[in-house]
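J.:
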Amino acid sequence: MKTRQTEKSQPLVSITVLAFNGETSLRDCLDAVFKQTYTHIEVLVIDNASTDRSADVVQHYFGSKVRLQRNPKNVGFAPGHNQGIAHAKGKYMLMLNQDLILEPRYIEYLVGQLEANPRIGAIMGKLISYNFTKPETQAARVIDTTGFVIEPNRRILDRGQGEIDKGQYDHRAQAEIFGVNGGAPIYRIAALEDVKTPIFSNHGISPYTKLTTEILDEDFFAYVEDVDMSWRLRLRGWICVYDYRAEGYHDRSASGGGNRKTRHDFVRFRRSLSPWRRTIGYRNQHLMFIKLNTFHSWRDRLSFISRELQLFLYILVFEQSTLRAWPAIIHLYPRMRRKRTYIMRHRKITPTALAPWFKKTPMQHYD
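Using the numbering used here, the letters of the sequence shown map in sequence onto residues 5 to 371.
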């Protein structure tokens, strides 16, 4: 029988749950948090101006066990979690989706890895897709994600997504990955502080809008900010790790997702997204590329250009609403270039050192 770790030996883990119209999922999500074997935690729920009873559910069922912050408007995923980071007192931070349920030892396993290796900036477990509304339809364990893969053409994928879980990603409990998915990652607070950047203005002589900084990129609002964060951590020399022993169950229907292995899969996936989701995802990927992308070889550069042209032609013919992303990309280009200058000036890792991750099946291990 497993026993709970004593709090004396545990560093504090701050947990932020960003709530937006999550009335039906928040109770299960937070119940799982308070059933963790790892008990030295603080929980902050940030309600992003939900129009349902999300905040009331949190107050009614969890009361003083959580700190509840109500935002007067939906500030988005990145700004919302930045609020959580600003209030965090822990050594580590778990950023948890409201539609995700953790197995009891999730935090215990991941904090153990973080404590054992100070090079780890971010870590995640194995996330399994699950239909919470119709569990009887769940015929098999289907992987949601085991971390991010970036191909030579800079196509970003959740590794293993849509595959039946047969242990194919369970080779070692300490598997280094390019980056962590934003569903349930645990970050080292010192690593987050290490990659923070000034908030730049978009024009004018002054480099900053005000004397402050950001950790998650608030220009993204939502989506792709987790890839962006992982990339920035790597440029500063931190590593990202996947531990298959820590598991969580993700209602992907509420968050979107799905790997695209064929053209048919790609088209079906794109059509499943709302116009807003397609537009902001396309916009944010390009903002991230402006900030962070470098090429180690001409092959990668040509591969990237080829994919970009194909995607643009597809959008031009079948998805004209996504073209609305381009005015925003152009408008924010000067700011992204300023961020790029700052990030590249302070990076510790060269494009050559990062190049091995831009492959079809990148997976490395550390000792």
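We put the beta carbon where it would ideally sit given N, CA and C, even for glycine.
Could you compute how far the alpha carbon of residue 244 sits from the alpha carbon of residue 146?
T.: Taking the sequence shown and counting its residues from 1, one reaches residue 244 at position 240. Taking the sequence shown and counting its residues from 1, one reaches residue 146 at position 142. Taking the straight line joining both Cα atoms gives about 23 Å.
J.: Would you kindly check if the distance between the Cβ of residue 188 and the Cβ of residue 82 is under 8 Å?
T.: Start at 1 with the first residue of the sequence shown, and residue 82 comes out as number 78. Start at 1 with the first residue of the sequence shown, and residue 188 comes out as number 184. No.
J.: I'd like to know if the stretch 123-136 and the stretch 44-62 are in contact, where contact means that at least 3 CB-CB pairs between them fall below 8 Å.
T.: no
J.: On the DSSP bridge assignment, give the partners of residue 178 in chain order.
T.: The residue given as residue 178 occupies position 174 in the sequence shown. Answer is none; residue 178 lacks a bridge partner.
J.: How long is the line joining the alpha carbons of residue 26 and residue 71, rounded to whole angstroms?
T.: For the purposes of this step, residue 26 is taken as residue 22 along the sequence shown, with counting starting at 1. For the purposes of this step, residue 71 is taken as residue 67 along the sequence shown, with counting starting at 1. Rounded to the nearest angstrom, the two C-alpha atoms are 17 Å apart.
J.: Taking one C-beta from the stretch 182-197 and one from the stretch 98-105 each time, how about it: are there three or more such pairs within less than 8 Å?
T.: yes
J.: On a CA-only basis, which of 309, 173, 310 and 325 is nearest residue 282? Give me that one, please.
T.: Along the sequence shown, read from residue 1 onward, the residue named residue 282 stands at position 278. Nearest C-alpha to residue 282: 325.
J.: Taking the alpha carbon of residue 234 as the point to measure from, which residue in 333, 124 and 17 has its own alpha carbon closest?
T.: Numbered from its first residue, the sequence shown carries residue 234 at position 230. Per the Cα distances, 124.
J.: Counting only runs of 4+ residues fully inside the stretch 224-302, write out the alpha helix (DSSP H) ranges in chain order.
T.: Segments of the alpha helix (DSSP H) lying fully in the stretch 224-302: 229-239, 267-276 and 279-296.
J.: Just to confirm, are residue 157 and residue 322 a CB contact at a threshold of 8 Å?
T.: Looking up residue 157 in the sequence shown gives position 153. Looking up residue 322 in the sequence shown gives position 318. No, these two residues do not count as a Cβ contact at 8 Å.
J.: Please report how far the alpha carbon of residue 201 lies from the alpha carbon of residue 229, in whole angstroms.
T.: Residue mapping note: residue 201 aligns to position 197 of the sequence shown, counting from 1. Residue mapping note: residue 229 aligns to position 225 of the sequence shown, counting from 1. So the alpha carbons of these two residues sit roughly 14 Å apart.
J.: Kindly confirm or deny that the stretch 176-185 and the stretch 238-254 touch, where touching means at least three C-beta pairs closer than 8 Å.
T.: yes
J.: Using a Cβ-Cβ cutoff of less than 8 Å, which residues in the same chain neighbour residue 168 once the five nearest sequence positions on both sides are dropped?
T.: On the sequence shown, position 164 is the one that residue 168 refers to. For residue 168, where only same-chain residues beyond five positions count, the Cβ hits under 8 Å are 144, 145, 146 and 147.
J.: So the beta strand (DSSP E) residue 101 belongs to, where does it begin and stop?
T.: The sequence position of residue 101 within the sequence shown is 97, counting from 1. Taken as a continuous stretch (DSSP letters only), the beta strand (DSSP E) holding residue 101 covers 96-101.
J.: What would DSSP say about residue 72, mapped onto helix, strand or coil?
T.: Residue numbering aside, residue 72 sits at position 68 when the sequence shown is read from its first letter. Strand, per DSSP.
J.: Curious, which full-length beta strand (DSSP E) runs of at least 3 residues does the stretch 132-169 contain?
T.: 146-149, 152-154 and 160-162
J.: Do you know offhand how far residue 17's Cα is from residue 266's?
T.: Position 13 of the sequence shown, counted from the start, is the residue given in the question as residue 17. Position 262 of the sequence shown, counted from the start, is the residue given in the question as residue 266. Their backbone Cα atoms lie some 40 Å apart in a straight line.
J.: For residue 202, report the span of its beta strand (DSSP E) as first-last.
T.: Within the sequence shown, numbered from 1, the residue matching residue 202 stands at position 198. Residue 202 -> beta strand (DSSP E) spans 201-204.
J.: Classify residue 80 as helix, strand or coil using the three-state DSSP reduction.
T.: Your numbering for residue 80 matches position 76 in the sequence shown. Under the three-state reduction of DSSP output, residue 80 falls in the coil class, being neither helix nor strand.
J.: Looking at residue 28: is its Cβ nearer than 8 Å to the Cβ of residue 50?
T.: Locating residue 28 in the sequence shown gives position 24, counting from the first residue. Locating residue 50 in the sequence shown gives position 46, counting from the first residue. Against a cut-off of 8 Å, the Cβ pair of residue 50 and residue 28 comes out as no contact.
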